[in-house]
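Final position of the sequence shown in the working numbering is 227; the numbers increase by one with none missing.
Each remark here refers to the structure printed beneath this line.
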Amino acid sequence: MAEDDVLNKSCPPPYSQIYPNVAREDVSARLDNNERHEASEESASCVFNGVELIVKASDFAARKHRHQRRKDRQQTPYINHPIGVAYILTNEAKVCDPSTIAAAILHDTVEDTDTTLDEIREIFGQEIHDIVAECCDDKTQPREVRKQAQIDNASKHSHKAKLVHLADKLYNLRDLERGTPVGWDGNRVREYFVWSKAVVTQLKGTNEALELALDEIIERKLHQIR
2 MAEDDVLNKS
12 CPPPYSQIYP
22 NVAREDVSAR
32 LDNNERHEAS
42 EESASCVFNG
52 VELIVKASDF
62 AARKHRHQRR
72 KDRQQTPYIN
82 HPIGVAYILT
92 NEAKVCDPST
102 IAAAILHDTV
112 EDTDTTLDEI
122 REIFGQEIHD
132 IVAECCDDKT
142 QPREVRKQAQ
152 IDNASKHSHK
162 AKLVHLADKL
172 YNLRDLERGT
182 PVGWDGNRVR
192 EYFVWSKAVV
202 TQLKGTNEAL
212 ELALDEIIER
222 KLHQIR
């Protein structure tokens with residue numbers, strides 16, 4: 002995957018990427034003190050804005066999910082899930098784009114709380130709105146219809162939405178491997194793994210690290226429960 006796909010487009014890429022064959026000190030030598038100071042301030046501003054966005058999304062999601070619990074037997078706070086999805090993106094997929102990370106944190110707010118897409122757009126902007134919208138199921142449809150729609154639409158989504166989908170699936174499958182949710186049986190767990198494999202197949206070419214991790218856990222679990 003090209004590194005451009007995981008960088009914040011609002012921040013200029015480092016000179017080492019633009020001019021890979023030019024030593025860093027040679028490029029820096031071309032900048033006078035004022036230019037270096039301005040570049041440093043711009044870089045710091047990009048980093049701060051990204052951190053601010055992620056913290057803002059975390060606060061928003063925590064408030065929206067505050068009364069919700071996961072379906073595991075420990076009934077862990079629901080907010081653990083979107084934070085965990087974002088952590089998979091940063092730690093395993095090496096995604097550093099703040100919009101993708103913020104969208105991962107927000108990805109279930111519209112589907113599972115009273116949040117609207119208009120609210121997401123108003124607070125977080127059009128790009129994050131679009132990513133979150135791609136991650137939403139139509140809850141007016143039956144579960145089987147929604148699941149098939151995820152398979153059918155996965156390959157059509159934006160690269161950033163695909164990253165969120167992959168990290169979301171990986172988090173959920175790891176949860177299922179740790180324990181069966183309340184109200185589920187072995188057949189439903191197996192169905193979820195089979196369905197996840199179909200979705201992930203449509204997302205191939207998005208992020209090698211996530212795809213390898215997903216392939217490994219899916220094949221391991223399906224082999225265990227054949």
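We treat Cβ as the ideally placed atom computed from N, Cα and C, and that holds for glycine.
Here the structure is a predicted model, which is why all the values come from computation and not from measurement.
Beta-carbon proximity list for residue i, same chain, < 6 Å, skipping 5 on both sides
i	result
His66	Tyr79 and Ile80
Ile219	Phe194 and Lys198
Leu223	Phe194
Asp216	none
Ala58	Ala103, Ile106 and Leu107
Ile121	His130 and Val133
His158	Glu135
Ala1	Outside the modelled stretch of the chain, which goes from 2 to 227, sits residue 1, for which no answer is possible.
Asn173	none
Phe125	none
Whole-number beta carbon distance between residue j and residue i, since they are thought to touch under 8 Å
i	j	result
Ala168	Leu211	6 Å
Gly180	Arg74	6 Å
Phe61	Leu118	About 14 Å; that fails the 8 Å criterion.
Lys163	Leu213	Rounded, the Cβ-Cβ distance is 15 Å, inconsistent with contact.
His160	Thr207	7 Å
Arg189	Ile226	11 Å between Cβ atoms; not a contact.
Residues of its chain near residue i, where Cβ-Cβ distance is below 7 Å and the 5 sequence neighbours each way are ignored
i	result
Ala105	Pro83, Val86, Ala87, Leu90, Val165 and Ala168
Asp186	none
Glu128	Ser100
Pro182	Lys72 and Asp73
Trp196	Lys148
Lys170	Ser197, Val200, Val201 and Leu215
Gln76	Arg70
Ala94	Leu164, Ala168, Asn208, Ala210 and Leu211
Glu178	Ile218 and Lys222
Gln116	In the sequence on display, residue 116 carries Thr and not Gln. Once the five neighbours on either side are set aside, the close Cβ partners of Thr116 are Lys65 and Thr110.
Local conformation of residue i per DSSP, three classes
i	result
Arg70	strand
Pro78	strand
Asp216	helix
Gly51	helix
Ser159	coil
Glu120	helix
Gln225	helix
Asp169	helix
Thr141	coil
Ser59	helix
Residue interval of the alpha helix (DSSP H) (run including residue i)
i	result
Trp196	Gly187 to Thr202
Asn208	Counting along the chain, Asn208 falls outside any alpha helix (DSSP H), and DSSP gives it neither H nor E.
His130	Gln127 to Glu135
Gln149	Arg144 to Asn154
Pro182	Premise fails: Pro182 is in no alpha helix (DSSP H) and is neither H nor E.
Glu112	Thr110 to Asp113
Ala94	Unbroken run through Ala94: none, as it is neither H nor E.
Sequence-distant residues of its chain with Cβ nearer than 8 Å to residue i (five each side left out)
i	result
Asp138	Glu112, Arg147, Ala150 and Gln151
Arg175	Ile218
Gln142	Ala150
Using 8 Å as the cut-off, can you tell me whether the stretch 135 to 151 makes contact with the stretch 66 to 77, which would need three or more C-beta pairs spanning the two stretches below that distance?
Fewer than three Cβ pairs drawn from the stretch 135 to 151 and the stretch 66 to 77 lie within less than 8 Å of each other, which leaves the two stretches out of contact.
Quick test of the definition: if touching needs 3 or more C-beta pairs under 8 Å, does the stretch 96 to 115 touch the stretch 49 to 62?
Because the criterion of three Cβ pairs below 8 Å is met, the stretch 96 to 115 and the stretch 49 to 62 touch.
Between the stretch 125 to 136 and the stretch 106 to 116, do three or more beta carbon pairs fall short of 8 Å?
Counting C-beta pairs closer than 8 Å gives three or more between the stretch 125 to 136 and the stretch 106 to 116, which meets the contact rule.
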